[in-house]
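Data block below; observations after.
Numbering (the numbering used here), first residue to last: 370 to 937.
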């Protein structure tokens with residue numbers, strides 16, 4: 370029950386008791402009816418003529434009681450209007466405080482959501498960096514495979530050379546020189562095995578680091594998902610508070626309207642209390658007008674309540690849409706994370722299979738080395754040439770490794786600098802492609818020239834072999850002749866030795882040319898593979914950039930639907 374209703378009931382009780390008291394204390398019915406008629410028709414005449422001029426005690430008593438009743442009614446109306454005004458002011462202050470609290474809560478939640486998104490973006494960037502590291506590890510494994518293939522080819526070439534030396538006739542060297550050459554070969558092979566083991570250990574260490582980083586990223590993603598869930602609950606609570614705030618804001622407008630109307634009603638009541646001295650009928654009409662206004666206000670409140678209910682229904686629908694959109698985004702992120710974990714697992718299995726293949730190849734190389742030791746013990750004369758060839762191969766290998774390191778350093782620098790803009794990267798790649806094509810063309814021309822040189826050298830070797838055969842026939846015929854013919858045979862044997870040395874030097878030169886051609890072909894293949902990798906990486910980066918842009922646009926649109934605007 371309102372305070373206004375209580376005051377009206379109290380006034381009704383007071384007037385009833387006052388009327389009962391007047392009726393009980395009146396002397397005759399005529400005086401009471403006359404007083405009633407005077408009060409209803411002309412209260413001023415009652416005050417001036419009957420009460421002030423007459424000496425009748427009953428008239429004075431009735432007049433005093435009526436004035437006291439009017440005064441009490443005015444006091445009651447004034448106190449009621451003041452109490453209503455104070456209540457309205459207190460309610461307005463409370464609503465302003467609640468509004469300020471809701472605004473602070475909204476700012477806090479927006480700030481937390483912004484930081485959560487920033488943390489999520491950093492986690493995604495770290496995941497992309499780990500994927501790039503896995504790609505680098507794959508490239509390093511490919512290079513290791515190429516090195517193993519090159520070592521296998523070198524071992525095959527050595528085996529073929531040893532077999533050809535075993536079939537070729539020649540003078541035998543001393544045992545001391547053979548041991549030295551054998552020890553040098555073993556040292557070279559031991560160095561290659563140590564290098565392979567070091568590369569395998571580096572690959573294993575990289576694999577361990579990659580797995581550790583992957584686990585750390587998974588834990589970070591789980592933490593970020595929990596944070597996002599907490600932010601979603603906070604957003605839901607904030608949406609509820611916003612709906613309450615809107616209802617409270619509308620209630621504030623209603624209360625302000627009621628306060629204004631209450632002030633108007635208080636002024637009307639003051640005017641009515643002043644006019645009550647003139648006539649009680651005017652007061653009754655004013656009360657009826659106020660009752661009509663209150664009824665209109667109640668009807669307006671009903672319409673506003675209906676509008677608020679419709680707005681609440683719209684807000685609930687928007688909240689359900691936001692929740693469904695968020696669930697879809699979470700499902701998409703989970704699927705993407707699952708795909709990345711599957712990709713990492715496949716890469717780990719590939720690395721393990723490569724390790725097993727490398728170990729098998731190392732064992733095969735060891736077996737081949739044991740076989741080579743048995744062959745090398747019987748061929749001491751040609752070990753000097755083999756040592757020179759091995760030293761040349763080692764120098765070529767060192768130069769190739771230096772070139773590879775330089776190219777790797779250049780590629781890392783290019784990869785570190787490349788993410789400035791996608792268009793600049795395309796231009797630079799086009800330039801590098803043109804340069805590589807020119808380089809490949811130059812290499813092809815060089816290869817053609819080298820092929821012609823090799824053919825010429827082969828023809829010279831064939832001619833020298835034919836001369837050697839002729840010299841051998843001449844030496845065989847010279848054995849049955851005299852001393853003069855023996856002297857001539859010695860000269861021919863000297864010429865034969867010189868021609869054999871020349872043949873050996875030409876063969877070593879031919880082998881060096883072939884090795885150079887093989888290294889050039891390997892370099893061309895590496896350049897082509899690097900070009901393909903750069904193109905694929907460029908396409909992958911472009912796809913990732915466009916996907917991130919589309920995700921940001923979708924999040925901004927969803928937040929605009931909710932009512933939250935963000936600046937880039």
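We put the beta carbon where it would ideally sit given N, CA and C, even for glycine.
For the pair residue 445 and residue 376, the CB atoms are nearer than the 8 Å cut-off.
Residue 893 and residue 902 have their C-alpha atoms spaced approximately 14 Å apart. Rounded to whole angstroms, the Cβ separation of residue 913 and residue 497 is 7 Å, and the two are in contact under 8 Å. Ranked by Cα distance from residue 488, the first of 874, 822 and 595 is 595. Here residue 825 has no same chain residue with a Cβ atom under 8 Å from its own Cβ, once five neighbours each way along the sequence are excluded. The criterion of a C-beta distance shorter than 8 Å is not satisfied by residue 722 and residue 877. In this structure, residue 927 lies near residue 694, with their beta-carbon atoms less than 8 Å apart.
By the 16-neighbour rule on beta-carbons within 10 angstroms, residue 482 is buried.
Separation of residue 439 and residue 378 (C-alpha to C-alpha, rounded to the nearest whole angstrom) is 16 Å. For residue 873, the closest C-alpha among the options 701, 490, 831 and 900 is that of 831. Between residue 462 and residue 473, the alpha-carbon positions lie close to 17 Å from each other. Ranked by how close their Cα comes to the Cα of residue 437, the residues 476, 387, 480 and 923 have 387 in first place. Ranking 454, 385, 478 and 574 by CA distance to the CA of residue 717 puts 574 first. Spatial neighbours of residue 477 in its own chain (CB-CB distance under 8 Å, excluding positions within 5 residues in sequence) are not present.
Just so you know, the alpha carbons of residue 699 and residue 715 end up roughly 24 Å apart. Here the alpha carbon of residue 713 sits roughly 41 Å from the alpha carbon of residue 475. Looking from the CA of residue 512, the closest CA among 881, 796 and 899 belongs to 899. Distance check between residue 515 and each of 895, 921, 904 and 923 places 895 closest, using alpha-carbon atoms only. Between the alpha carbons of residue 703 and residue 779 lies a gap of roughly 37 Å. Residue 469 has its alpha-carbon roughly 23 Å from the corresponding atom of residue 599. Comparing C-alpha distances from residue 800 to each of 602, 479 and 904 shows the shortest one belongs to 904. Straight across, the Cα-Cα distance linking residue 381 with residue 665 is about 25 Å. Distances from the CA of residue 686 to each of 725, 605, 736 and 626 were compared; the closest alpha carbon is that of 605.
The closest CA to that of residue 890, considering only 701, 767 and 815, is found on 815.
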